[in-house]
Amino acid sequence: MLRMSNLFLRTLRDDPSDAEVASHRLLVRAGYIRRAAPGGFTWLPLGWIVYRNVERIVREEMDAAGFQEVHFPALLPKEPYEATNRWVEYGENLFRLQDRHGNDFLLAPTHEEMFTLLVKGLYGSYKDLPLTIYQIQTKFRDEARPRAGLLRGREFVMKDSYSFDVDDAGLQRSYDLHREVYIKTFERLGLPTVIVSAMSGAMGGSASEEFLTPLEVGEDTYVRCSSCDYAANTEAVNVPAPPTVPIDGLPAAQVVDTPNTPTIQTLVDHLNAHPELARSDHAWEAADTMKNVIVKLRYPDGSTAPLAIGVPGNREVDTKRLEAQVAPAEVEAFDEADFAANPALVKGYIGPGALGSDGSSGIRFLVDPRIVEGTRWVTGANQPGKHVIDLTYGRDFTADGVIEAAEVIAGDACPNCGEPVEIARGIEMGHIFKLGRKYAESLGLTVQDENGKQVTVTMGSYGIGVSRAVAALAETNSDESGLCWPREVAPADVHLLIAGKEGGPQRPAAEDLAAQLEAAGCRVLFDDREGVSPGVRFKDAELIGVPTIVVVGRGITDGVVEVKDRRTGDRCDVPIGDVVAHINSLS
RNA sequence: CGGGAUGUGGCGCAGCCUGGUAGCGCACCUGCUUUGGGAGCAGGGGGUCGGGAGUUCGAAUCUCCCCAUCCCGACCA
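The following block contains the structure:
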């Protein structure tokens, strides 16, 4: 039983000034967590109970699936990460440090290398596989900007599992099993999730899916089809290419004067104001133009290279989508100095003639998938104040390749069925993906097959944000008054409080009831503090968010107590002798 | 990485412009009263004023550097 008279807890009346999102605000205010470092939090007793409940559920589901738990150090040597090149590729998000001898270490952001090496050291036969092992461990990422409390810290707890199979069919089975286990785990946690196709990011590998909890404060944007079951992180959306158009008979490209057209809109207006430039089929619109955006890619080794991206003029370049495409390189702005170094680029009037391996600047030029043979565009003519119209792909220009970097807009056609898509935000709670043989190859993990031949093992990697799940649960289970936890993760089943004069019958009755509830297996948070006004007790109960609140108050003279549902606010009087049975019927 | 704001007891804030004994509310301690919706009165304890350097007889306050937190931007040709 948790007695508030001696529980290490102090609730706050005011919101902490640095807390923005609900989960952060309420977890701090209700005394669950406390900031200890930039992006790092201390768990207080109530918070630690909730955290362990979440961890327990995750562990139970892993174990039930037959996965086995191991535990690695968080502090790791550099060498395995050099073998896979991640010491460099992981970039600035990797915490690197040195010991007293000057040897390099890292604080692990994830443990692919170590799991691979562990299996390599112990197993050598196809008969040992399949195998899935996991750990629940603190991970470190030197986030550029930790924010939103527990939702995005620099230190957090993750459950990560890894599957090992001899062949692709085995990997598929391991992957599918994990997918099922995750669905069940999030259901049990009471966290709504959407499964979306994803990019595999810094881990490498191929197919991958994310489990996102829909949340406005989330940092992932995903699309969902209004009609079919397609859902994908915007980073992973593949825009379908339109059919090509026969080039015969298309109007010739012509360079036209377009003074004072610094933006796409002014350009479109200018064209429409000049009938001699009119198109035969429709009035000019932004989607008929192509804008060429120049960025600078910075590679992990520090080198940089410019990149030109051609997208339809009605769309912006989505930096996240772009970065997902060029990873591990990072995207930087192409600044004045860069323009100065590339005199072939006429700012505001950049066109394909200056771009690509065959262009005057030689800058690598990639275009949106919508730009296919026979499509014609209005775009820069590489001279101040001039654009070119009817510039046709495959006849007048070509690019070095295709890139998925244009933003996805609500209403775009679903890549699967063509119906309009919706756009929503969410936070990544889980990620499953097929690593394939990348790590096994770089680290030499092979087993002998039936024929005595060495074959490279194929792997899957699967993560759940355990500490983040606590924040996501707080985020999705709260109101103006405070938190309201799902029962299985709540710090207690019942918040029992006394509302009555000290010295009256309420305290002894509440003590008695607390003991009975506990004897019946109920987890009780008992507000037995003295000299605290009833208002404070009620406010604290609502803030703390235990699912059922039992008030021993004035009804006690009639032998009844009040049982209140924290979430709905529904309350009813229950004879004190029936409370235990009543509570048990709730869960 | 850029711009802006902020940093003063556990939490929320004032004081800074115009340098001179560090303040308020909540929380905490003592006493009395109060007890079904963040009680009242009285009396207390607690702060290297983010850090460092400088100016000055004297710095929370002025100057410089650094650090941290929050917000906005990171591209839109």
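In terms of the working numbering, the first sequence opens at residue 58 and continues consecutively.
Think of the CB as a built atom: it goes at the ideal place given N, C-alpha and C, for glycine as much as any other residue.
- prompt: What span of residues does the beta strand (DSSP E) with residue 135 cover, start to end?
  reply: Per DSSP, residue 135 belongs to no beta strand (DSSP E) and is neither H nor E.
*What are the uninterrupted segments assigned as beta strand (DSSP E) that are 3 or more residues long and contained completely in the segment 370–432, given in chain order?*
The segment 370–432 contains these whole beta strand (DSSP E) runs: 387–390, 421–424.
CA-to-CA distance, residue 546 to residue 108, given in whole angstroms | As the crow flies, the alpha-carbon of residue 108 is around 8 Å from that of residue 546.
Checklist entry - Which class does residue 348 belong to by DSSP, given the choice of helix, strand or coil? => result If DSSP states are grouped into helix, strand and coil, residue 348 belongs with the strands.
For residue 629, the residue or residues it bridges with in DSSP:
According to DSSP, residue 629 bridges with 620.
- [ ] Given a cut-off of 8 Å, decide if residue 401 and residue 417 are closer than it, judged by their beta-carbon atoms.
- [x] It is a contact, given that the beta carbons lie within the stated cut-off.
> Are at least three pairs of beta-carbons, each pair with one atom in the segment 285–293 and one in the segment 566–573, less than 8 Å apart?
Replying inline: They do not touch, by the three-pair rule.
Problem set entry | Pair within 8 Å by beta-carbon distance, residue 194 and residue 215 | In contact: residue 194 and residue 215 (Cβ atoms closer than 8 Å).
message = Taking 6 Å as the limit between beta carbons, can you name the residues of its chain near residue 256, skipping five residues before and five after?
response = Its chain contains 292, 293, 381 as the residues whose beta carbon lies nearer than 6 Å to that of residue 256, once the 5 sequence neighbours on both sides are disregarded; these appear in chain order.
Quiz prompt | Option nearest residue 576 by Cα separation, candidates 636, 163, 599 | solution = Ranked by how close their Cα comes to the Cα of residue 576, the residues 636, 163, 599 have 636 in first place.
* Taking residue 271 as part of the beta strand (DSSP E), name the residues at either end of that continuous run. => Going by DSSP, residue 271 is part of the beta strand (DSSP E) stretching over 265–271.
In this structure, how does DSSP classify residue 595 when only helix, strand and coil are distinguished? Reduced to three states, the DSSP call for residue 595 is helix.
Q.
Suppose you measure from the CA of residue 177 to the CA of residue 113; what does that come to, to the nearest Å?
A. Going by the C-alpha atoms only, they are around 29 Å apart.
Pop quiz: residue 350 and residue 438 are said to be a contact at Cβ under 8 Å. What is the actual Cβ separation, rounded to whole angstroms? The distance from the Cβ of residue 350 to that of residue 438 is about 17 Å, inconsistent with a contact at the 8 Å cut-off.
Along the chain, where does the beta strand (DSSP E) containing residue 79 start, and where does it finish? Where residue 79 is concerned, there is no enclosing beta strand (DSSP E), although the alpha helix (DSSP H) around it starts and stops at 79–86.
Practice item. Would you grab the beta carbon distance between residue 516 and residue 141 for me? Rounded to a whole angstrom, and I think it's under 8 Å. Key: Your pair residue 516 and residue 141 does not check out as a contact, with CB atoms roughly 12 Å apart and the cut at 8 Å.
Mapping DSSP to helix, strand and coil, what is residue 455? Coil.
TODO: List the whole-angstrom C-beta distance separating residue 506 from residue 310, where the pair is believed to meet the contact cut-off of C-beta under 8 Å.
DONE: Not a contact, Cβ separation roughly 59 Å.
Can the beta-carbon of residue 220 be found less than 8 Å from the beta-carbon of residue 235?
-> The answer is yes: Cβ separation under 8 Å.
Q: Find out if the Cβ-Cβ distance for the pair residue 423, residue 364 is shorter than 8 Å.
A: Cβ distance < 8 Å, so residue 423 and residue 364 count as in contact.
Beta-carbon proximity check, residue 301 vs residue 459, cutoff 8 Å = No.
Pull up the distance between the alpha-carbon of residue 249 and that of residue 78, whole angstroms please.
-> Going by the C-alpha atoms only, they are around 18 Å apart.
| field | CB of residue 369 within 8 Å of CB of residue 344, strictly | value | In this structure, residue 344 lies closer than 8 Å to residue 369 by Cβ.
Check your understanding: Counting along the chain, where does the beta strand (DSSP E) carrying residue 290 start and finish?
Key -> Annotation: the continuous beta strand (DSSP E) that includes residue 290 extends over 288–290.
Worksheet item: Hey, how far is the Cα of residue 246 from the Cα of residue 327?
Response: Approximately 57 Å, taken between the alpha carbons.
**Asked** Skipping 5 residues on each side, what residues in its chain have a beta carbon closer than 8 Å to that of residue 601?
**Response** Same-chain partners within the cutoff: 68, 87, 88, 103, 539, 540, 548, 552, 582.
Entirely enclosed beta strand (DSSP E) segments - the segment 475–530, minimum 3 residues = Here the runs fully enclosed are 478–493, 503–505, 511–513, 515–522.
Q) Can you pull the DSSP bridge partners for residue 246? A) DSSP lists no beta-bridge partner residue for residue 246.
* Asked: Whose C-beta lies closer than 8 Å to the C-beta of residue 95 among residues of the same chain, with five residues either side of it excluded?
  -> These residues qualify, in order along the chain: 203, 211.
Query raised in the report: Would you call the segment 553–565 and the segment 512–531 in contact, with 3 or more CB pairs under 8 Å?
Result: Between the segment 553–565 and the segment 512–531, the count of C-beta pairs closer than 8 Å stays below three; the two stretches do not touch.
Check whether the Cβ atoms of residue 163 and residue 175 sit closer than 8 Å, and answer yes or no.
Result no, Cβ atoms of residue 163 and residue 175 do not sit closer than 8 Å.
Residues in its own chain within less than 7 Å of residue 166 by CB, not counting five upstream and five downstream? Within the same chain, residue 166 has close Cβ partners 147, 150, 151, 196, 197, 198.
Below 8 Å, can you find three or more Cβ-Cβ pairs linking the segment 334–341 to the segment 369–379? By the Cβ rule, the segment 334–341 does not count as touching the segment 369–379, because fewer than three pairs are nearer than 8 Å.
Where the alpha helix (DSSP H) through residue 341 begins and ends | Per DSSP, residue 341 belongs to no alpha helix (DSSP H) and is neither H nor E.
Inter-residue spacing [alpha-carbon to alpha-carbon] between residue 478 and residue 503
Taking C-alpha positions only, residue 478 is separated from residue 503 by approximately 43 Å.
Quick one, which of 205, 490, 60 has its alpha-carbon nearest residue 98's? For the residues 205, 490, 60, the minimum Cα distance to residue 98 belongs to 205.
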